[in-house]
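The structure appears below as structure tokens.
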Amino acid sequence: MNQPMIDIRNVQKSFGGFQALNDVSLQIHEGELVALLGPSGSGKTSLLRILAGLEFPDSGRVMFDGGDTTHISARDRRVGFVFQHYALFRHMTVFDNVAFGLSVRRGSSKMSRAEISERVHHLLAMVQLAGLASRYPSQLSGGQRQRVALARALAIQPKVLLLDEPFGALDARVRKELRRWLRNLHDELKITGVFVTHDQEEALDVADRVVVMNHGRIEQAGTPTQIYDSPATPFVYQFLGNVNALVCRIRDGLAEIGSLTLPASAYSGVQDAAGTAFVRPHDLLLSRPGEGAGAMAEVRHVSILGPLVRIELLLDGQMVEAEISRQRHAELGLVAGQPILVWPRQARFFLRDSWQGTPFDNPDLPVDHDI
Amino acid sequence: MRSNPLRESTPVRLVLIALALAILTLFLFAPLLVVFGEALSRGWEAYFDALSEPDTQSSIWLTLLVAMLTVPIDLVVGICTAWCVAKFEFRGKSLLTTLVDLPFSVSPVIAGLIYVLVFGLRGWLGPTLQEHHIHVIFALPGIVLATLFVTFPFIARELIPLMEEQGTEDEEAAVVLGANGWQLFRRVTLPNVKWGLLYGVLLCNARAMGEFGAVSVVSGHIRGRTTTMPLQVEILYNEYNFVAAFAVASVLAMLALVTLAVKSFFEWRYAKELSAEGRA
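Going down the list, the sequences are from chains A and B.
In case it helps, numbering that gives the first Met the number 0 puts the first sequence at residues 0 to 370.
In case it helps, numbering that gives the first Met the number 0 puts the second sequence at residues 0 to 279.
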């Protein structure tokens with residue numbers, strides 16, 4: 000796997016005065032399923048459209064299989080593209096929609112009617128729509144339309160499958176179902192896939208590798224575990240999951256969050272600087288006064304969220320969220336107004352005016368209880 | 000009766016329906032009946048005699064010929080214009096949109112005069128055309144040009160909003176699937192707008208056959224040669240030949256009715272497809 004399937008090198012793209020992509024480089028290997036994750040305007044869709052050949056970069060190169068495809072038109076790229084709103088041809092039946100990419104072939108690759116029909120029926124069976132071949136798109140549900148769009152994209156046997164917000168327009172239950180189904184399909188077909196999403200859960204759940212984008216740049220690319228457990232930048236921290244961003248001061252290798260002092264050895268050279276400490280709610284350990292270590296905080300609000308309990312705490316003037324198990328909650332017997340000890344098991348510090356972060360794993364406390 | 004929050008009380012409904020019917024009768028059905036009534040006031044024989052008069056015959060053929068020449072040109076140019084405006088961004092786009100609307104905002108008489116000024120004997124191109132014995136003004140080409148000017152916006156105007164609303168996603172999907180330009184147009188863009196296109200063509204055709212002002216200026220009213228049906232109606236009416244005037248008018252009215260019938264036929268024939276496309 001030395002040669003990447005897709006190699007994006009230093010791609011720049013702007014629309015008018017808006018810089019959609021700013022020096023983006025990314026390699027995608029054969030068989031990978033990659034999620035481009037980011038808020039709207041982060042450039043993820045522009046990148047996907049450049050891969051499809053629907054947009055062309057202002058500078059930089061796009062290589063497929065080692066060959067330069069930067070200026071090859073969408074028509075000749077042979078990629079499958081699933082549009083956000085499916086873009087099914089409304090005047091064609093499901094069969095004709097799926098057959099479209101095969102029936103427009105000319106010359107040596109022209110297919111006979113029988114061949115087309117066989118391939119289409121095979122695809123419709125695969126997406127579980129075998130009985131609906133003669134329906135029109137308007138007679139289908141959202142999930143069915145999505146699967147027609149997928150079958151249509153797969154009909155041309157693309158080297159790469161690109162999906163733009165594939166589950167965006169569906170309701171939550173169908174979305175979850177289709178997610179699993181897409182994952183299985185990918186594992187079965189071993190096709191290289193790239194999909195765009197703004198939903199972090201979707202990205203972490205489905206993708207082999209997640210590429211987090213913001214302001215036209217790649218913030219971090221890695222496996223879902225890497226992305227979630229060691230975010231490289233404050234943006235990634237805040238975009239993925241709940242996190243407490245606490246004001247702190249960094250002095251000579253120590254970080255002070257109010258009365259809490261934690262080691263931050265990577266910053267031992269820093270005399271005195273403003274910083275932000277990121278702590279996930281489930282990394283906050285709570286214990287009764289006298290029974291553990293940490294800083295004193297006050298319980299402000301307790302809400303029960305199914306298996307978890309969310310506690311809002313006031314820690315030296317800052318609101319902090321902690322999540323503990325129902326069992327731990329029962330042990331502590333927390334009520335609003337009660338004082339409690341707080342200790343972060345994991346935290347990461349970022350200097351206010353720098354992208355560099357340093358992880359900190361608290362060595363002093365056992366990690367057996369909680370969660 | 001079950002109460003429906005959107006249903007008005009019976010008296011209100013009756014009044015509204017009566018009002019609509021009264022207006023339609025007064026301004027639409029009654030004039031139409033008058034046209035046929037006057038045309039047939041001296042019986043069928045006089046009616047057919049009036050229609051078989053050679054000058055009238057030639058005006059009917061001329062009108063059909065003008066419509067047959069202008070509608071296809073409008074069709075091609077209208078589709079091209081709408082395609083450009085709706086699917087692409089380019090410099091001068093708003094200027095083009097304004098130009099498309101120009102014939103709507105300019106009086107048809109002015110349109111006719113423009114052509115006289117350009118192609119007439121004393122116009123810019125007049126002497127050159129004269130040298131080559133090409134007759135534009137007071138001849139068929141002038142009538143076709145004037146009609147083209149007046150009817151040009153109908154198809155483009157019908158298609159532009161429709162194409163803009165549909166966006167370019169369908170076309171992008173087709174391109175990614177490997178369609179070339181012609182396949183894209185014939186199999187995706189055109190079917191998506193075919194109903195709008197049909198309405199545009201019908202409107203355009205009705206106007207091409209009925210245009211009076213612009214044609215009147217460029218035709219020269221040469222009887223039997225450059226009078227179209229609307230002009231022929233005027234000539235006959237001014238000669239107090241009411242039966243003949245209304246007879247020609249009735250033919251024009253019938254052509255309009257045929258147009259409506261064609262439209263209704265298509266709607267009935269493709270009702271299922273229309274509803275399937277969610278565009279009834």
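Beta carbons: idealized from backbone N, C-alpha and C, even for Gly.
Computed from a predicted model, the values in this text were never measured in an experiment.
{"Asked": "Contact under 8 Å by Cβ, Met-228 (chain B) with Leu-201 (chain B)", "Found": "no"}
{"Asked": "Rounded straight-line distance, which links the Cα of Gly-332 (chain A) to that of Leu-32 (chain A)", "Found": "45 Å"}
{"Asked": "Nearest-angstrom Cβ-Cβ length linking Ile-256 (chain A) and Val-269 (chain A), presumed shorter than 8 Å", "Found": "Not really, about 16 Å apart at Cβ, beyond 8 Å."}
{"Asked": "Local Cβ density within 10 Å of Gly-106 (chain A), reported as buried at 16 or more and exposed below that", "Found": "exposed"}
{"Asked": "Contacts of Gly-195 (chain B) in chain A (Cβ-Cβ under 8 Å)", "Found": "Those within 8 Å of Gly-195 (chain B) in chain A number zero; the least Cβ separation is about 13 Å."}
{"Asked": "Buried versus exposed, by CB contacts within 10 Å (16 or more), Ile-7 (chain A)", "Found": "buried"}
{"Asked": "Residues that Glu-320 (chain A) bridges to, as DSSP identifies them", "Found": "A:Glu-311"}
{"Asked": "Ser-106 (chain B) beta carbon less than 8 Å from that of Pro-177 (chain B)", "Found": "In the sequence as presented, Pro is not what sits at residue 177 (chain B); that position holds Gly. No, the Cβ-Cβ distance between Gly-177 (chain B) and Ser-106 (chain B) is not below 8 Å."}
{"Asked": "Neighbouring residues, chain B, relative to Lys-104 (chain A) (Cβ below 9 Å)", "Found": "Reading the sequence as shown, one finds Arg at residue 104 (chain A) and not Lys. Result: Gly-177."}
{"Asked": "Alpha-carbon to alpha-carbon, Met-212 (chain A) and Arg-77 (chain A)", "Found": "26 Å"}
{"Asked": "Sequence-distant residues of the same chain with beta carbon closer than 8 Å to Gln-143 (chain A), five excluded per side", "Found": "Leu-128, Leu-131"}
{"Asked": "Nonlocal neighbours in the same chain, by C-beta distance under 7 Å from Val-70 (chain B), ignoring five residues either side", "Found": "Val-200, Cys-203, Asn-204, Ala-207"}
{"Asked": "Own chain partners of Lys-86 (chain B) with C-beta closer than 6 Å, once the 5 adjacent residues on each side are dropped", "Found": "Thr-167"}
{"Asked": "Contact residues within the segment 129-162 of chain B, judged by C-beta distance below 9 Å to chain A", "Found": "none"}
{"Asked": "Chain A residues whose Cβ lies nearer than 7 Å to that of Pro-4 (chain B)", "Found": "The premise fails here: Pro-4 (chain B) is roughly 28 Å from chain A at the closest Cβ pair, so nothing lies under 7 Å."}
{"Asked": "Coil, strand or helix - Ala-49 (chain B) by DSSP", "Found": "helix"}
{"Asked": "Selection from A:Gly-291, A:Gln-83, A:Gln-11, A:Ala-244 that minimises the alpha carbon distance to Ala-168 (chain A)", "Found": "A:Gln-83"}
{"Asked": "Any C-beta of chain A under 8 Å from that of Ala-172 (chain B)", "Found": "yes"}
{"Asked": "Short CB-CB distance (under 8 Å) between Val-187 (chain B) and chain A", "Found": "yes"}
{"Asked": "Proximal residues, the segment 48-62 of chain A versus chain B, C-beta separation under 8 Å", "Found": "Ala-51, Gly-52, Leu-53"}
{"Asked": "Closer than 8 Å to chain A by CB, Asn-191 (chain B)", "Found": "yes"}
{"Asked": "Supposed contact pair Ile-339 (chain A) and Val-298 (chain A) - C-beta distance, whole angstroms, cut 8 Å", "Found": "6 Å"}
{"Asked": "One or two residues paired with Asp-6 (chain A) in a DSSP bridge", "Found": "A:Gln-26, A:Met-62"}
{"Asked": "Expected contact under 8 Å - CB spacing of Ile-49 (chain A) and Val-10 (chain A) to nearest Å", "Found": "6 Å"}
{"Asked": "Cβ distance (whole Å) where Pro-136 (chain A) is taken to contact Arg-89 (chain A) below 8 Å", "Found": "5 Å"}
{"Asked": "Reduced DSSP category for Ile-113 (chain B) - H, G, I as helix; E, B as strand; rest coil", "Found": "helix"}
{"Asked": "Residue-level contact to chain A via CB, Asp-169 (chain B), 8 Å cutoff", "Found": "yes"}
{"Asked": "Below-8 Å beta-carbon distance, Gln-182 (chain B) vs any chain A residue", "Found": "yes"}
{"Asked": "Beta-carbon proximity list for Thr-92 (chain A), same chain, < 8 Å, skipping 5 on both sides", "Found": "Ala-132, Ser-133, Arg-134, Tyr-135"}
{"Asked": "Under the three-state DSSP convention, the category Gln-143 (chain A) falls into", "Found": "helix"}
{"Asked": "7 Å CB neighbourhood of Arg-118 (chain A) in its chain, flanking five on each side removed", "Found": "Leu-101, Ala-154"}
{"Asked": "Gln-337 (chain A), DSSP secondary structure in three states", "Found": "coil"}
{"Asked": "Closer than 7 Å: Asn-241 (chain A) CB and nearest the ligand HEM heavy atom", "Found": "Judged by which ligands are present, the structure shown has none, so any question about the ligand HEM falls away."}
{"Asked": "Residue interval of the beta strand (DSSP E) (run including Pro-262 (chain A))", "Found": "259-262"}
{"Asked": "Ile-155 (chain A): contacting residues in chain B (beta-carbon distance under 7 Å)", "Found": "Leu-176, Gly-177"}
{"Asked": "Supposed contact pair Ala-206 (chain A) and Ala-34 (chain A) - C-beta distance, whole angstroms, cut 8 Å", "Found": "4 Å"}
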